[in-house]
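Residue numbers (our numbering): -16 to 377.
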């Protein structure tokens, strides 16, 4: 072999040796390159989880919830537009939490399907498809959370005398058993056992009260929207239950023993239990709305107060909320039995109405006093709902 051939052979051997030495490093670099690519788990971690909840108030313990982890919805959120919005028409009972890497973001679902951030006054404008999907999910979750509006006539047949059924209070989520004992205008019921009486009294924070509570009645796989009071009265048919008397449960259209007309306080709670507060208020006449407003003050329900007073000036609404917190009671002054009440005004095609309602007021550390509330109502057309524009007292 000549010198040139030997040199070429040596060069080839050296090249092969270097290739063998470098191969592990190349393989290692290739592996490192592969591990740097995001896998499906990493992509999933980067997604925003959406949690939708339904409850009657921010402090309610009774909650229905659904979690949504959708690539499609995440894409819709990334492609959404952010606009300023100081006010919003949203579902008062639906809350949406976006669980993002930098923390949780609380939003309200608007009736258009967009999302409103009350803290920053911004609106997230979604695509029509994404907005409709959120509305569909909210409708399904609300239907699961609330009961059905069932008339008193039908409810009375579903819950005959001596029938036993459960009652779930919509804010606390506490449930107890009762038995219907009587009642022709509504159901007169009694807790079944001492333990049921204990749970019912816990709902009323250890003190019996005439205040109405939105409840769900469960019987034969049917959830019915209803309203109860928490005061033992009248006859006692279950002497061993620790409850002296009975209490009342009302349904859509039922009335009290003292009136042929549905009780406004019970009816707003029945519709609250059905998730139908807005439609109920939109269809109500000014006199019903005025009476309902007084009842909402008495029941100290902030969410309902804000709904009914949504068009009041903000400073007046804030003053009413503060006043409500100081109340022991506030009641409409009804005529004595045998005296006729003032007939309701004929509204016809009127777009403005004024209602004067006499009331009895008892505030903390103050003597009871009589006064009145004057309500100014307006509507845009004869087919539009009435709205409270102003309230004055005297």
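Each residue gets a CB set at the ideal place from its N, CA and C atoms; glycine is no exception.
I believe residue i touches residue j by the beta-carbon criterion, under 8 Å. Please report the beta-carbon distance rounded to the nearest angstrom.
i           : j           : result
residue 107 : residue 65  : 6 Å
residue 170 : residue 269 : Not a contact, Cβ separation roughly 30 Å.
residue 254 : residue 246 : With a Cβ gap of about 12 Å, residue 254 and residue 246 do not count as contacting.
residue 292 : residue 300 : 5 Å
residue 192 : residue 213 : 5 Å
residue 121 : residue 74  : 6 Å
residue 397 : residue 315 : The structure shown does not extend to residue 397, since the chain is modelled only from -16 to 377, so the question has no answer here.
residue 101 : residue 91  : 6 Å
residue 141 : residue 160 : In fact, because the Cβ distance is near 16 Å, the residues do not count as touching under 8 Å.
Checking 7 Å against the spacing of the C-beta atoms, do residue i and residue j come in under that value?
i           : j           : result
residue 224 : residue 158 : no
residue 128 : residue 47  : yes
residue 134 : residue 218 : no
residue 338 : residue 306 : no
residue 45  : residue 156 : yes
residue 196 : residue 183 : no
residue 278 : residue 248 : yes
residue 313 : residue 281 : yes
residue 118 : residue 63  : no
residue 244 : residue 168 : no
residue 148 : residue 227 : no
residue 346 : residue 290 : no
residue 57  : residue 32  : no
residue 81  : residue 88  : yes
residue 68  : residue 96  : no
residue 265 : residue 368 : yes
Under 6 Å Cβ to Cβ from residue i, same chain only, skipping five residues before and after it: list those, please.
i           : result
residue 389 : Since the first residue of the chain shown is -16 and the last is 377, residue 389 is not available in this structure.
residue 49  : 35 and 124
residue 273 : 338, 340 and 358
residue 116 : none
residue 332 : 365
residue 260 : 254
residue 263 : 254
residue 42  : none
May I ask you to list the residues that DSSP assigns as paired with residue i?
i           : result
residue 51  : 33
residue 369 : Per DSSP, none; premise fails for residue 369.
residue 211 : 196 and 232
residue 108 : 64
residue 182 : Bridge partners of residue 182: none, in fact.
residue 76  : None, per the DSSP bridge assignment.
residue 92  : 98
residue 345 : 312
residue 361 : 335 and 370
residue 222 : Note: residue 222 sits in no beta bridge, so no partner.
residue 304 : The partner list for residue 304 (beta bridge, DSSP) is empty, contrary to what the question assumes.
residue 136 : Its beta-bridge partners do not exist; DSSP assigns none.
residue 148 : 161
residue 375 : 357
residue 387 : Since the first and last residues shown for the chain are -16 and 377, residue 387 lies out of range.
residue 170 : 232
residue 206 : 201
residue 340 : 356
residue 245 : 238
Quick one: is residue i buried, meaning 16 or more other Cβ sit within 10 Å of its Cβ, or exposed?
i           : result
residue 163 : buried
residue 76  : buried
residue 284 : buried
residue 258 : buried
residue 85  : exposed
residue 151 : buried
residue 83  : exposed
residue 366 : exposed
residue 355 : exposed
residue 317 : exposed
residue 204 : exposed
residue 39  : buried
residue 370 : buried
residue 298 : exposed
residue 240 : exposed
residue 78  : buried
residue 166 : buried
residue 375 : exposed
In chain order, what residues of the same chain have a beta carbon less than 7 Å from the beta carbon of residue i, not counting five sequence neighbours either side?
i           : result
residue 72  : 93 and 94
residue 372 : 294, 359, 360 and 361
residue 138 : 207 and 234
residue 188 : none
For residue i, collect the residues of the same chain with a Cβ closer than 8 Å to its Cβ; drop the 5 residues on either side in sequence, then sort them by chain order.
i           : result
residue 130 : 199, 200, 206, 207, 208, 209, 256 and 257
residue 185 : 155 and 157
residue 145 : 162, 163 and 164
residue 334 : 361, 362, 363, 364 and 365
residue 215 : 191, 226, 227, 228, 229 and 230
Quick one: does the C-beta of residue i sit closer than 6 Å to a heavy atom of the ligand COA?
i           : result
residue 125 : No copy of the ligand COA occurs in the structure displayed, which carries no ligand at all.
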